[in-house]
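Everything below concerns the one structure shown next.
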Amino acid sequence: MRGKYQRQLVGVFGDPVDDNPTVIMEQAAFDSEQIPMDYLTIQVKCGDLENAMKGLRAMNFTGINITMPHKGEVLRYLDEVSESAQIMGAVNTIYWKDGKLAGENTDGKGFLKSLNDGNVATEGKNAVILGAGGAARAIAVELAGAGMRNIMVINRNRDHAQLLVDIINKKTLATGNFMPWDGCVQIPEDTDILVNATSIGFQDDAKPDIQYKKLPKDLVVCDVIPNKLRTSFLQEAERHNLRTFNGLEMLVNQGALAYELWTGRKAPVEVMKQAMKKEYGEC
Numbered sequence: 001m002r003g004k005y006q007r008q009l010v011g012v013f014g015d016p017v018d019d020n021p022t023v024i025m026e027q028a029a030f031d032s033e034q035i036p037m038d039y040l041t042i043q044v045k046c047g048d049l050e051n052a053m054k055g056l057r058a059m060n061f062t063g064i065n066i067t068m069p070h071k072g073e074v075l076r077y078l079d080e081v082s083e084s085a086q087i088m089g090a091v092n093t094i095y096w097k098d099g100k101l102a103g104e105n106t107d108g109k110g111f112l113k114s115l116n117d118g119n120v121a122t123e124g125k126n127a128v129i130l131g132a133g134g135a136a137r138a139i140a141v142e143l144a145g146a147g148m149r150n151i152m153v154i155n156r157n158r159d160h161a162q163l164l165v166d167i168i169n170k171k172t173l174a175t176g177n178f179m180p181w182d183g184c185v186q187i188p189e190d191t192d193i194l195v196n197a198t199s200i201g202f203q204d205d206a207k208p209d210i211q212y213k214k215l216p217k218d219l220v221v222c223d224v225i226p227n228k229l230r231t232s233f234l235q236e237a238e239r240h241n242l243r244t245f246n247g248l249e250m251l252v253n254q255g256a257l258a259y260e261l262w263t264g265r266k267a268p269v270e271v272m273k274q275a276m277k278k279e280y281g282e283c
């Protein structure tokens, strides 16, 4: 039993971590629920992850988030990994499960929860994902697991895109396809869900180079960019009367899942959301 002075520790390992805002929403959640837990933002350089993981065990951390560049390498230091994280080859949340150190990837699950909360159907539907990085991979795997029929990856780097398409085709029941991103691309007419999984729009008002005037009329448009409620990409979609989902909701949802894995309690999602809105000046 913990005494009145002892605190539980969680946090994030990565490099760089200076701009990682996860502490804002997680600490707000712990404090609002009066849980004696502190979230630490810890720089762990390449080559130091093994020692960091040994330290996590030695200091009895309750759990840890993992960000770049360690999401793939960390799998070798875990006792077990969820099926979806195995398929992705990446873990972003670590927690204790029956005395074992377990790994999960909440990125795609946070995205999927946003769609589920909005009653967006995925079974038998078609998705297009812009980008082929870690966010795209997590989202693609979770969409496939939720019954998505076809997932098209649009990316400028063919090799990176093909890696993701191969994962979809070989490790899920969905069908993956690649479309080169050469100039202003047209989204296929049968697309149900469009996801910007690139960093376009994070630091400025840029938007992905696609043919907005030819977007399917019932398309659901999603952006993973978390620091703006209405990115230029989403604003353009709204001008065409399309339904949109922002990256802040997805960020909070994946953080809430981590909170629940660490505490065993339902996350105070609204507290976390308001904390992030305040941090990003979106109140």
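Residue numbers (UniProt numbering): 1 to 283. Virtual Cβ for every residue (Gly too), placed ideally from N, Cα, C.
- Tyr-95 and Trp-262 do touch by the CB rule: their CB atoms are close to 6 Å apart, below 8 Å.
- Per DSSP, Arg-76 lies in no alpha helix (DSSP H) segment and is marked neither H nor E.
- Here the segment 114-121 makes no contact with the segment 59-77; the two share fewer than three CB pairs at distances below 8 Å.
- Beta-bridge partners of Ile-193 (DSSP): Ala-127, Val-220.
- Restricting attention to Met-152, Asp-15, Lys-228, the CA atom closest to the CA of Met-276 is found in Lys-228.
- Unbroken beta strand (DSSP E) runs of no fewer than 3 residues, entirely contained in the segment 143-200, are found at 150-155, 175-180, 193-196, following chain order.
- Residue environment analysis places Asn-157 among the exposed positions, since fewer than 16 neighbouring C-beta atoms fall within 10 angstroms of its C-beta.
- Distance check between Gly-147 and each of Ala-161, Ile-168, Val-252 places Ile-168 closest, using alpha-carbon atoms only.
- In this structure, Asn-105 sits near Met-88, with a CB-CB distance shorter than 8 Å.
- Contact check for Val-195 and Ile-139: beta-carbon distance about 6 Å, within the 8 Å limit, so the pair qualifies.
- In this structure, DSSP gives Tyr-39 an extended state, which the three-state scheme calls strand.
- Just so you know, the alpha carbons of Cys-46 and Glu-83 end up roughly 26 Å apart.
- Judged by DSSP secondary structure, Asn-65 falls outside any alpha helix (DSSP H) and instead within the beta strand (DSSP E) spanning 63-66.
- Of the candidates Gln-34, Ala-256, Asp-19, Glu-26, Gln-34 places its Cα closest to the Cα of Lys-4.
- The way I'd put it, the segment 250-257 does touch the segment 97-112; three or more beta-carbon pairs between them come closer than 8 Å.
- In this model, Ala-90 and Arg-137 are separated by some 9 Å (Cα to Cα).
- For Val-44, there is no enclosing beta strand (DSSP E), as DSSP marks it with neither H nor E.
- Three or more beta-carbon pairs drawn from the segment 193-207 and the segment 216-225 are found closer than 8 Å, and the two stretches are therefore classed as touching.
- Ranking Lys-213, Val-252, Pro-226 by CA distance to the CA of Glu-236 puts Lys-213 first.
- Across the structure, Ile-129 and Leu-49 are spaced so that their CA atoms are roughly 31 Å apart.
- Contact annotation, Leu-56 with Asp-38: C-beta distance approximately 14 Å; criterion of less than 8 Å not satisfied.
- For Arg-7, the secondary structure class from DSSP, reduced to helix, strand or coil, is coil.
- Selection Leu-251, Asp-159, Arg-7, Ile-225 evaluated against Asp-205 yields Ile-225 as nearest (Cα-Cα).
- Among the bridge pairs identified by DSSP, Glu-104 is matched with Thr-93.
- Around the CB of Lys-54, fewer than 16 other CB atoms lie within 10 Å, so the residue is classed as exposed.
- In this structure, the CA atom of Arg-239 is about 31 Å from the CA atom of Leu-164.
- The continuous stretches of beta strand (DSSP E) do not include Phe-202, and DSSP gives it neither H nor E.
- By the Cβ neighbour-count rule, Gly-247 is buried, with 16 or more other Cβ atoms within 10 Å of its own.
- Residue burial is scored here from C-beta neighbours: Asn-155 has at least 16 other C-beta atoms within 10 angstroms and is therefore classed as buried.
- For Arg-243, the enclosing beta strand (DSSP E) has its first and last residue at 243-245.
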